[in-house]
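Colleague:
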Amino acid sequence: MEKARPLWDNPLQFVFACISYAVGLGNVWRFPYLCQMYGGGSFLVPYLIMLIVEGMPLLYLELAVGQRMRQGSIGAWRTISPYLSGVGVASVVVSFFLSMYYNVINAWGFWYLFHSFQDPLPWSVCPLNGNRTGYDEECEAASSTQYFWYRKTLNISPSIQENGGVQWELALCLILAWLLVYLCILRGTESTGKMEQLANPKAWINAATQIFFSLGLGFGSLIAFASYNEPSNNCQKHAIIVSLINSSTSIFASIVTFSIYGFKATFNYETCLNKVILLLTNSFDLEDGFVTASNLEQVKGYLASAYPSKYSEVFLQMKNCSLESELSTAVQGTGLAFIVYSEAIKNMEVSQLWSVLYFFMLLMLGMGSMLGNTAAILTPLTDSKVISSRLPKEAISGLLCLVSCAIGMVFTMESGNYWFDIFNDYAATLSLLLIVLVETLAVCYLYGLRRFESDLKAMTGRTLNWYWKIMWAGVSPLLIISLFVFYLSDYILSEALQYQAWDASQGQLVTKNYPPHALAVIGLLVASSIMCIPLVALGMFIMRCLRRADTASVA
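Position 262 of the sequence shown, counted from 1, bears residue number 607 in our numbering, the numbering being contiguous throughout.
(1) Could you check if L869 belongs to the surroundings of the ligand GDP, using beta carbon to heavy atom distance under 7 Å?
(2) Who does M758 pair with in a DSSP beta bridge?
(3) Distance, Cα to Cα, V360 vs K582?
(4) Taking the alpha carbon of M445 as the point to measure from, which residue in L791, P861, E739 and L745 has its own alpha carbon closest?
(5) Please identify the residue among I878, T808 and A409 whose C-alpha is closest to the C-alpha of V437.
(6) Ignore the nearest five residues each way along the sequence and tell me which others in L528's own chain have a CB closer than 8 Å to its CB.
(7) Taking DSSP as the reference, what is the three-state secondary structure of L809?
(8) Output the distance between the C-alpha atoms of Q512 and L869, rounded to the nearest integer angstrom.
(9) Pull the bridge partners of N955 from the DSSP assignment, please.
(10) Check whether the Cβ atoms of Q412 and D728 sit closer than 8 Å, and answer yes or no.
(11) By how many angstroms is the C-alpha of N551 removed from the C-alpha of Y771?
(12) Going by the CB atoms, is the gap between K497 and P467 shorter than 8 Å?
(13) Measure the alpha-carbon distance for A846 versus L854 and round it to whole angstroms.
(14) Using the Cα positions of A897 and L891, report the straight-line distance between them to the nearest angstrom.
(15) Does DSSP put D766 in a helix, in a strand, or in coil?
(16) Rank L786, E482 and F612 by C-alpha distance to the C-alpha of C666 and give the top, closest one.
(17) According to DSSP, simplified to helix, strand and coil, what is N718?
(18) Assuming A846 is part of the beta strand (DSSP E), what are its boundary residues?
(19) Please list the segments of the beta strand (DSSP E) lying wholly inside the stretch 846-878, counting only runs of 3 or more residues, in order along the chain.
(20) Report the partner residues of Y480 according to the DSSP bridge assignment.
(21) Roughly how many angstroms lie between the CA atoms of Q555 and K738, to the nearest whole one?
(22) Pick out the complete alpha helix (DSSP H) segments inside the stretch 781-830, 4 residues or longer, and give them in chain order.
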């Protein structure tokens with residue numbers, strides 16, 4: 346007797362699982378960066394439009410497919426057509442790539458959380474140099490927060506070609522992160538600006554991709570979650586709720602982030618001014634209080650004209666203090682999460698408390714997304730009778746976590762952050778665009794939009810609105826094709842050959858070209874998932890031809 350498929354206890358539990366998966370680190374660190382890059386509040390115009398024409402329709406489509414087929418990504422698309430099995434396989438491959446590197450962020454979160462209990466915070470001050478006569482020069486050239494991130498946390502190598510050894514502290518944090526994921530899996534389904542920027546095509550493209558990836562479309566996680574729903578569940582309402590909550594969280598995170606940006610910029614600007622004032626006061630034997638922030642430029646002009654030779658020497662030691670420059674510095678990703686936020690935290694009262702709360706929040710966001718991602722891999726595997734009949738779910742889950750953790754050790758090496766960036770930039774982007782495009786076209790033109798509409802009405806008792814049909818049949822596929830073409834023409838051709846490496850002598854990031862072996866890995870990451878779709882379809886075609894040939898020979 347076939348085992349009954351487990352179900353969510355109630356629809357609210359399903360909604361919370363989808364929200365936990367969709368609301369992740371990208372809401373905290375990528376959306377605020379895009380707002381700053383493309384006009385601040387004006388970026389909300391393309392973002393909200395893309396939410397309506399892309400995010401909600403595609404989210405509803407994946408939830409509806411999972412709820413209708415009641416299987417993971419591979420089984421769901423095989424039910425629609427055996428030739429589409431490769432779509433589900435591609436989703437699993439992309440999710441596996443994601444699982445290998447995404448949990449490293451949680452390992453970093455644990456590292457910072459553990460260090461948050463120290464007084465003072467270890468990233469709040471620069472360490473002494475080897476002679477103990479002053480602060481470390483690299484740290485002073487950068488900042489205490491950058492130094493702690495690149496030197497103490499990553500111990501980063503000067504280039505991707507110098508691998509270095511595994512950082513055992515980070516390796517232990519990574520093992521802890523995977524152990525936590527595994528324990529959660531065992532509980533099963535029960536726990537799981539300027540308005541002219543509107544004319545900039547990149548603002549619209551980035552708004553679309555942010556919506557696309559923030560909701561987690563194409564990974565198979567949403568299909569897996571929806572497959573545990575009752576057939577009568579109102580997945581249309583849940584798609585709208587999850588989309589709106591996800592976007593609202595991004596906007597709220599931006600408000601907090603811009604406050605921190607302003608605090609950080611003002612603090613750094615005032616610190617820079619104080620250093621310049623102190624330098625001038627000591628160099629020219631001026632009275633304390635003679636130079637102030639309000640008359641600094643006038644005093645500098647006077648000293649430059651009265652003492653040109655000496656001023657030239659002192660000028661070389663001065664820093665160019667600019668509030669505008671500080672405010673215009675856009676940071677995303679790990680730089681925002683582990684440098685900018687930690688720099689703001691170190692200047693707060695009771696900084697240890699805020700640090701613990703912040704990095705605990707970061708871990709919760711990361712773990713929620715990780716559980717959704719592992720569900721995208723485990724559900725198709727446990728749905729497979731070949732695999733599930735030989736191994737229990739606990740063993741399958743354990744093997745997945747063990748293999749992912751072992752491969753993830755690459756990201757704890759001295760060059761690990763460079764490989765992390767490669768996986769983050771290229772393991773999913775192009776692949777997911779193609780996966781979701783094939784999904785949309787398959788539902789509308791292979792399975793049939795009218796047939797799918799009839800299925801939804803039979804499940805929920807509701808007639809499909811014209812809005813969803815227009816989006817699925819025309820607008821969304823055309824938009825995805827546009828994104829696909831843009832990614833090929835812009836990102837791959839113009840930006841794929843370079844990366845940011847840490848220069849210890851300057852205490853800053855420098856641009857370098859990827860070596861041939863890194864380019865080979867990039868090509869493999871992109872091709873290995875994309876090629877699943879045509880190769881599996883070709884394999885199914887050959888198998889059918891062989892079966893027909895065998896049938897004909899027997900007859």
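Every residue gets a Cβ at the ideal spot worked out from N, C-alpha and C, and that includes glycine.
Modeller: On the basis of the data shown:
(1) Ligands in the displayed structure: none, and consequently the ligand GDP is not present.
(2) V511
(3) 10 Å
(4) L745
(5) I878
(6) none
(7) coil
(8) 26 Å
(9) Lying before the first or after the last residue shown, residue 955 is absent from the chain, which here runs from 346 to 900.
(10) no
(11) 16 Å
(12) yes
(13) 5 Å
(14) 10 Å
(15) helix
(16) F612
(17) helix
(18) Q843 to D848
(19) 853-858
(20) L473
(21) 34 Å
(22) 794-805 and 811-815
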